[in-house]
Structures are given as C-alpha cells and as structure tokens.
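Student: Quick note, the sequences are listed as chains Y and B, same order.
Following our numbering, the numbering of the first sequence begins with 20 at its first residue and continues without gaps.
Following our numbering, the numbering of the second sequence begins with 3 at its first residue and continues without gaps.
Using N, Cα and C, we set each Cβ at its ideal position, and we do this for glycine too.
In this text the structure is predicted, and so the values were computed from the model without any measurement.
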Amino acid sequence: MNAPLLFAGLALLVASALAQAEMQALDDQQLSDVQGAGFGFVLDNILLDANNATITITINDITNGSGQNVPISVKEFYLGATGSNKGANLNPVTIGRLSSPFTLDLNKGENLRTLRDDGVWVQTTPSNVAVLALTFPERLTGTAGQACISGYAAAGSNCSSRASEKADLGIRFDFQVAAGRTDILNIDIAELAMDGSYLRLWGDSARSQLVGEMRLNLYAKSLTVMSCAAGATNCATAAEQEARTITATNLYANIGLGYGKSQPLLFDVNSNGQFTLELPNPTSGGTTAAARNTLATDFYANAPRTNLVIDNLKMGSGSYSTGGYNFGYNAIQGLTINYLKVTSHDL
Amino acid sequence: MRPTRSLAALGQLALLTTALMAGSAQAKLEALADNELSNVTGQAFINLTTDANAGINYTRVNLGVNLDTQLNMKKLQLGQYNDSTTRPGEVAGSSDILINNFALGTVNADDSINAFKIANPFIELAYEGNKVIGVRIGFGEAKGTLSGDIASLTGNVPVHIKGTGQAIYDVASVGQKLVLGIGGIYTTSVLEADAQLVNSSGAADPVRGTQAGIKNGDGLTCTSGCAPLITDVALGIIKSGDCALLGIQTCFNLDQFKSLPVGNLGVADSASTAAIEGATKGFFISLQTKDVAWRDLDSNSFMTALKGAFMNMPKYKDANGNMVSPINIDFNQAFNGIPRQDTCLGAATSGC
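(1) According to DSSP, simplified to helix, strand and coil, what is F337(B)?
(2) Check the C-beta distance from N269(Y) over to N345(Y) and give it rounded, since I have them as a contact under 8 Å.
(3) Check whether the segment 333–348 of chain B touches the segment 133–144 of chain B, taking contact to mean three or more Cβ pairs, one atom from each stretch, closer than 8 Å.
(4) Which same chain residues, not among the five before or five after S154(B), have their C-beta less than 6 Å away from its C-beta?
(5) Could you compute how far the alpha carbon of D293(B) sits from the alpha carbon of F104(B)?
(6) Could you tell me whether any Cβ in chain Y is nearer than 8 Å to the Cβ of V134(B)?
(7) Looking at the unbroken alpha helix (DSSP H) that takes in R168(B), where does it start and where does it end?
(8) Excluding the 5 residues preceding and the 5 following I190(Y) in the sequence, name in chain order all residues of the same chain whose CB lies nearer than 6 Å to its CB.
(9) At the level of alpha carbons, what is the spacing between N130(Y) and M305(B)?
(10) How many Å lie between L308(B) and W296(B) at the Cα?
(11) Assuming the contact rule is C-beta atoms closer than 8 Å, K127(Y) and A149(Y) should be a hit. Round their C-beta distance to whole Å, please.
(12) Rounded to whole angstroms, what's the CA-CA distance from A54(B) to T61(B)? Just pull it up for me.
(13) Hey, quick one: how far does the alpha helix (DSSP H) through I232(B) stretch, first residue to last?
(14) Please classify I48(B) as buried or exposed, where buried requires at least 16 neighbouring CB atoms within 10 angstroms.
(15) Taking 8 Å as the threshold (C-beta atoms), are N357(Y) and L73(B) in contact?
(16) Let me check understanding here. Comparing Cα to Cα, which of V173(B), L289(B) and A350(B) lies closest to Q79(B)?
(17) Would you report the Cα separation of N59(B) and I125(B), rounded to the nearest angstrom?
(18) Under 7 Å between beta-carbons, which chain Y residues line up against L78(B)? List them in chain order, please.
(19) Mind listing which residues of the segment 80–91 of chain B have their C-beta closer than 7 Å to chain Y's C-betas, in chain order?
(20) To the nearest angstrom, report how far apart A38(Y) and D344(B) are at their CA atoms.
(21) Measure the C-alpha to C-alpha separation of I132(B) and L204(Y) and round it to an integer number of angstroms.
(22) Among residues of its own chain, excluding the 5 on either side of Q45(B), which ones have a beta-carbon nearer than 6 Å to its beta-carbon?
(23) Tell me, to the nearest whole angstrom, how far the beta carbon of F286(B) is from that of V264(B); I am working on the premise that it is less than 8 Å.
(24) Can you list, in chain order, the residues of its chain whose CB lies under 6 Å from that of L15(Y), leaving out five sequence neighbours each side?
(25) At 4 residues or longer, and completely inside the segment 93–130 of chain B: list those alpha helix (DSSP H) runs for me, N to C.
(26) Spatial neighbours of L216(B) within its chain, please: CB distance less than 6 Å, with the 5 preceding and 5 following residues excluded, ordered by chain position.
(27) Go ahead and label P120(Y) buried or exposed: buried means 16 or more other beta carbons lie within 10 angstroms of its beta carbon, across all protein chains shown.
(28) Quick check: is the beta carbon of A320(Y) nearer than 8 Å to any beta carbon in chain B?
(29) Quick one: grab the DSSP three-state call for C189(B).
(30) Given that a residue counts as buried once 16 or more other Cβ atoms are within 10 Å of its Cβ, and exposed if not, what is K50(B)?
(31) Determine, using beta carbons only, whether T223(B) and S191(B) come nearer to each other than 8 Å.
(32) If the cut is a Cβ gap below 9 Å, which residues of chain B does N269(Y) touch?
(33) Run through chain Y and tell me which residues come within less than 7 Å of S311(B), C-beta to C-beta.
(34) Do you know offhand how far A177(Y)'s Cα is from E184(Y)'s?
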C-alpha cells in the first residue's frame, strides 16, 4: 500500500511549480532498510465478459508490406471459472486466496525466494537491496501443493491454486492483413494457472539503472487456436471448426529471465524509442578463473531455467487421413541463457 | 504506436525517477500536452507481410530486432509421436527433431562469449482457405555455431565433403587402394561429394534421420590431382551404394557432428554497420500438416518442408558468392566427426 501512496506523493511534488524542498536521495543501505509491509490481494469472484464487444485497434507501427496500417479487431474476450466451454458458460472465479494471494511489496533481496525445479527454495536476488516485487499466488512444496495441471503429473504438484481457483480465458483477434483478406486467431485457454510468477525490480547502483528479474509460469489443461469465425463459411459445424483448430493439451511454460545475483535483467530505451533488453554474462564479475567457476556453478545450480512443454499438439482432428495432424509431444527443457542482448530497430 | 509510446513513457518515467533521486534537482518539469504526446512516435520494429503460392496464403510477422545470444538447453524435441499412417516405418518413440545438449554460440577459455547472432526473426502462418496448415519460426539472418547431440532430424541439412584422397587411403584396404590407384585417384587428389540425410541403407531419407551421407547412386568428383579421363571414367562407374563406396563408409552418424557453423564464421562483422556479415538467410523450424512450400529468404524461391516438424539449415554464400553447405567438412571429419565446442561457462563444456 505504501508504494502507490509514495508515487502519488512524488507526482504531487513534480506537479507543483512552487516546489522548493530539496530532496535527499537514500543511499543503498538506507534504502535496504525501507520495508513496507506490502499487501496481498485476491481476485474475488471475477468475471470479465466482452463476448459481445468489438474493439478495433489500429497500431501505426504494425504495417503490411505496403506500409499501410493493419487494423486489428479484438473480440470475444472473457475471463471466468473453469468449465466455461470456451466462454459459452461463464461464471465468476476467485483467483488466489488469503493464504496464497497476489502480493505487491517492498522487501529485502535476502528475504525473497525462488522455487528451483528440484523443489528447493533459493535466494536469487542480491542482498542489501530493496526489491519491489509483484508476485502471483506462490507455489507450495510438500503435501499442501496442488496439481498444476489436473491429470498431468509431469507439470508438478506444487501449485497453490486449487482446481476451482484456475481460470478459463479467451480472446479473438481479426487481422485485416490485406484487402479482402482477414486472418482470424480465436484463442481459448482452459484451466489456466500462473502460480509462482513474479516480477522483481530494484536499483543497481553500479550500473546506475533499474534492473530486475522475472519468472512467468503458465499452466493450462488446453489451449486452442481456431483460425475461422464461428458460423462463417466452412466454420459452422463442429467438424469444420475442429478442422480449423490447433489444440495443445497439457502444456506448461516456466520462463525465467534474469538471475539477480549475477545476471540481472537490464532494460533500456534510447531517445529514438528503440529498446535494448540484456542478460549479461553471469561470470563477468569474476577476475580469476576460480572466481568465474564459482559464479558459473552458482548460476547453473540456482538460476531459474526455462521449460516449454506441450504434452500433445495437434492440428485439426489429429488424424492425417482426414487432413489433420498429430504432432505429439514437443518440448524445450532446461534452457539457460548465458548471454542475451536484444536491440530493436526500424524495419 | 501503442507499444512504442509505452516505451517512450517508460523512458520518461526513468528520467523522472532520476530527477527525483537527485538531491539538488532544480529543473522544472513540464507535462506534455496530448497533441505533443501524440507526436512522440517510436519506430516500426514490427511489420506484417503477406504472400501467396499454389493456393496457400502466408502471413509473416517480422520483428525488427537484432538478437545476440549464447544459450544451452538440455533437450529440444519436436514431433514425438507414433502414427503408422503418418510416419510408417519409423522407430517407435522417435521424434521428428531431437537434439540433446542443444546450444547456440560458444564460450572461450576465459569465459567470454562468442554470440550466435540473429537479425529480424519472424513468425509465419500458412493458410489453406481459413485453415492453418503450417507455422514456422525463422531468422532473417543468422550466424554462429549450433551445437548438440543430434539424435534425429527431419529437414534439410546440406553437407559437403571435400578433401584429399589421403583420408580415403588411410581407411582403405590394400585391395581398395589398388582399385583407387588404377582409377587415377591418388593420395594428393582433391575429391568432393555432396551428402544429405540418409537411412542406414544409404537411401535419401529426410525424415527422422540419424545419419548423413552420400546417397545411393551418387559418387565423388575429382577437382584436381587425378589422372585425366581415367578418373572421370572410374568415378562415373564407382557410386555409393548401401552406405559404402569401394567398401569405404559413406554414411556417418549425425550425433558425431557436435558443432556446426551457421553462416560464414570466417567473415568479421563491421563495427560501422549493424549488418551480420556472412550471415545465412532462411534458417527456420516449422510445423506443417502436409508438405508446405515456404519462401526461401535467400533465393526468394519456394522450398518444400515435409509434413511434421522440419528444420531448414540453409547454405550460405562465401566471399566469392558461392553457396556453401552449413556442414562443410573434410573426409577426416566425415569419418571422425566434428568435436563439440565449449558452450558452457566455468568448468563444464556441455550439458550445463
């Protein structure tokens, strides 16, 4: 609760043309002693239903081959309880609970923990820094853990969200990619949970910039992408719709970007509006081979790894003889990034 | 404009924060009016192009980013399924693509990084009417070292073998050496051959391949040091069959090729430009429900990717503009493989 108040206060100070008070910066040690209690919240009985609304967006930066803007229509958006049958039967859902809420807090780096793939909690943020952390309902170890995907043990059983606390989510995009041609992507996700996801931000005095680390966990029983508008030509019957649907079943992603101790996530925007996203070499702080080995060993042991697993992926019916295709099991497992620098530029 | 306007806003927020943190800040900040703010435009780093060929429509989302990376993954696995109709004759439990200890880029002894460079990655969908029949992720340009223990591969992986006859003589029997000599092929002769994904019998087999080799019916060509006419006649007769040529092995397990060049690694980038010098164009991994022709970004023609998961490792141009295969090895490397380069920080060299 303190953070918004602080921002509001700062905004008032800036807005006042008569502000004369001299502000004193806190040094790192002082800042690390600042600890708000933070707050937790639960999305109680939430239901978003925009099935009958259409939002048309024209993003100037997304152009077609002729340089013309591509209008994008957003339709059929919903968020509700599981069992919605792709939004046809919507009911409210409560995401998170008081014992495992969403949290936003300012905390010391040494107080924050991350769950490793082997079920061990480790510190990933540096000590003696004040970290602003937004955290989704946390994962749980031991018998309190819930199945992250019902009926699919490989996704783990350390989620806090119970079956009733997962959500169905859907959205449809219509891209007018060319004259007379509209590409449709109608996305429906069933039994979605994002337990253990977080975004952590802090100031890096050596780099003189805001740095962070993030983890995005996604667990879903199914994700379907239909490429036609229900009721349109060739998209009326259940068989026609299935033939135009990509179905991923039992899928999860653990995406880790940044390891605060030695490889914080750096983000910067230059005056031209171009961005740079960087994950530096985690051994760059080591001046000897032994020091670099120590840093590398710690990094490989404790830095969150990225996994992307789809237990079954099919297009159409999944049967080749009827025009569909079964791609089966697909996975990227145990991804670590030793170095990454992404720089945007004009196309 | 929305994303980049957000970026601009982030930049302004960063500036604002910096100003607030400065103890002696005196400058007065002026808010931008809406019309002023509307003039703040970021750059177009996303665009969308369409294409059409043989009744298939394509939509490609291009991302204007340069991406330098060095990464490792325990496993890259695509298309692991058993379907006797779709994949008749394949080993149960095998995958279209399975590479263990996959890595992009390499690490030097002092733990500095040789990044794998990518420019303008894209995602493309292929539509037949309003049905998606394929999706691919590709790189407009790419250069660097790709490493891994290749267990199976479906796709296009051109291999070119070139070297002196010495390596062949080294593994040949006395009788084979006699035949080579009679054919005008000597230890100093320079021989070349194209190879590709084959099965254990030497037949071309781009599906779930575990070996690369000279396919049945293909042979060697001599580019120098051979006896005129005699060698031409001899090589015209001597063809590879059942993974052997004159009894010498011509098929090689993919898993012995541990580190492969993508693009021309011998060309250094220019500090004055953002271009990736010597990059290959058209590296992609795709999934399609049927054989789909994707546009080759280098030749601008269409190339067919087979149904299922498919990896395309394109040729690249050398300094003279000649197309060079990504796996470009001599006979010793063909017989003995290409060793793995270090892709891990610290003490480990792979599997990190």
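Tutor: Reading it off the structure:
(1) Along the second sequence, one-based indexing puts residue 337(B) at 335. It is helical.
(2) Reading the first sequence from its first residue, position 250 is the one you call residue 269(Y). Reading the first sequence from its first residue, position 326 is the one you call residue 345(Y). Wrong, their Cβ atoms sit about 14 Å apart, outside the cutoff.
(3) no
(4) In the second sequence, counting from the first residue as 1, residue 154(B) sits at position 152. Only S96, S97, L100, R210 and T212 meet the Cβ criterion.
(5) Within the second sequence, residue 293(B) is the residue found at index 291, counting from 1. Within the second sequence, residue 104(B) is the residue found at index 102, counting from 1. If I take the Cα positions, the gap works out to 26 Å.
(6) Numbered from its first residue, the second sequence carries residue 134(B) at position 132. Chain Y contact via Cβ: present.
(7) The residue you call residue 168(B) lines up with position 166 of the second sequence. According to the sequence provided, residue 168(B) is Gln. The question's Arg does not apply to it. Q168 to V173 is the span of the alpha helix (DSSP H), which, as asked, contains Q168(B).
(8) For the purposes of this step, residue 190(Y) is taken as residue 171 along the first sequence, with counting starting at 1. These residues qualify, in order along the chain: F96 and I206.
(9) Residue 130(Y) sits at position 111 when you count from the first residue of the first sequence. Residue 305(B) sits at position 303 when you count from the first residue of the second sequence. Computed Cα separation, rounded: 54 Å.
(10) Numbered from its first residue, the second sequence carries residue 308(B) at position 306. Numbered from its first residue, the second sequence carries residue 296(B) at position 294. In a straight line, the C-alpha of L308(B) is about 10 Å away from that of W296(B).
(11) Translated into the one-based positions of the first sequence, residue 127(Y) becomes position 108. Translated into the one-based positions of the first sequence, residue 149(Y) becomes position 130. Indeed, because the Cβ distance is near 7 Å, the residues count as touching under 8 Å.
(12) Mapped onto the second sequence, residue 54(B) falls at position 52. Mapped onto the second sequence, residue 61(B) falls at position 59. Distance between the alpha carbons of A54(B) and T61(B) is about 9 Å.
(13) Taking the first residue of the second sequence as 1, we reach residue 232(B) at position 230. I232 to I239 is the span of the alpha helix (DSSP H), which, as asked, contains I232(B).
(14) If you number the second sequence from 1, residue 48(B) lands on position 46. Label assigned to I48(B): buried.
(15) For the purposes of this step, residue 73(B) is identified with residue 71 of the second sequence, where counting begins at 1. For the purposes of this step, residue 357(Y) is identified with residue 338 of the first sequence, where counting begins at 1. Result yes, Cβ atoms of L73(B) and N357(Y) sit closer than 8 Å.
(16) For the purposes of this step, residue 79(B) is taken as residue 77 along the second sequence, with counting starting at 1. Among V173(B), L289(B) and A350(B), the Cα nearest to that of Q79(B) belongs to L289(B).
(17) Here residue 59(B) refers to the residue found at position 57 when the second sequence is read from its first residue. Here residue 125(B) refers to the residue found at position 123 when the second sequence is read from its first residue. If I take the Cα positions, the gap works out to 14 Å.
(18) Translated into positions along the second sequence, residue 78(B) becomes position 76. Residues of chain Y passing the Cβ test: I351.
(19) L80, G81, Q82, Y83, D85, T87 and T88
(20) In the first sequence, the residue the question calls residue 38(Y) occupies position 19. In the second sequence, the residue the question calls residue 344(B) occupies position 342. Since pLDDT at A38(Y) reaches only 44, below the 50 mark, its modelled position is unreliable, and no value is offered.
(21) For this step, residue 132(B) is matched to residue 130 along the second sequence. For this step, residue 204(Y) is matched to residue 185 along the first sequence. As written in the sequence, residue 132(B) is Asn, which differs from the Ile given in the question. So the alpha carbons of these two residues sit roughly 10 Å apart.
(22) Here the question's residue 45(B) lines up with position 43 in the second sequence. Interpretation of Q45(B) is limited by its pLDDT of 48, a score under 50 that renders its predicted location unreliable; the figure taken from the coordinates is listed afterwards. Closer than 6 Å at the Cβ level, and outside the excluded window around Q45(B), lies no residue.
(23) Here residue 286(B) corresponds to residue number 284 of the second sequence, with the count starting at 1. Here residue 264(B) corresponds to residue number 262 of the second sequence, with the count starting at 1. Between V264(B) and F286(B) the Cβ distance is about 12 Å, and since that is not below 8 Å, they are no contact.
(24) With chain Y covering only 20 through 366, there is no way to say anything about residue 15(Y).
(25) none
(26) One-based indexing of the second sequence puts residue 216(B) at position 214. Rather than Leu, the amino acid found at residue 216(B) in this sequence is Ile. Hits under 6 Å: A195, A197, S242 and T252.
(27) In the first sequence, the residue the question calls residue 120(Y) occupies position 101. With 16 or more other Cβ atoms within 10 Å, it is buried.
(28) On the first sequence, position 301 is the one that residue 320(Y) refers to. No, no contact with chain B.
(29) Here residue 189(B) refers to the residue found at position 187 when the second sequence is read from its first residue. Checking the sequence, you will find Thr at residue 189(B) rather than Cys. Coil, per DSSP.
(30) Here residue 50(B) refers to the residue found at position 48 of the second sequence. It is Leu, not Lys, that sits at residue 50(B) in the sequence shown. With 16 or more other Cβ atoms within 10 Å, it is buried.
(31) Mapped onto the second sequence, residue 223(B) falls at position 221. Mapped onto the second sequence, residue 191(B) falls at position 189. Cβ distance not < 8 Å, so T223(B) and S191(B) don't count as in contact.
(32) Here residue 269(Y) refers to the residue found at position 250 of the first sequence. Those within 9 Å of N269(Y) in chain B number zero; the least Cβ separation is about 14 Å.
(33) Translated into the one-based positions of the second sequence, residue 311(B) becomes position 309. Rather than Ser, the amino acid found at residue 311(B) in this sequence is Ala. Those are F346, listed as they occur along chain Y.
(34) Position 158 of the first sequence, counting from 1, holds the residue named residue 177(Y). Position 165 of the first sequence, counting from 1, holds the residue named residue 184(Y). The sequence shown places Asn at residue 177(Y), not Ala. Approximately 14 Å between the Cα atoms of the pair.
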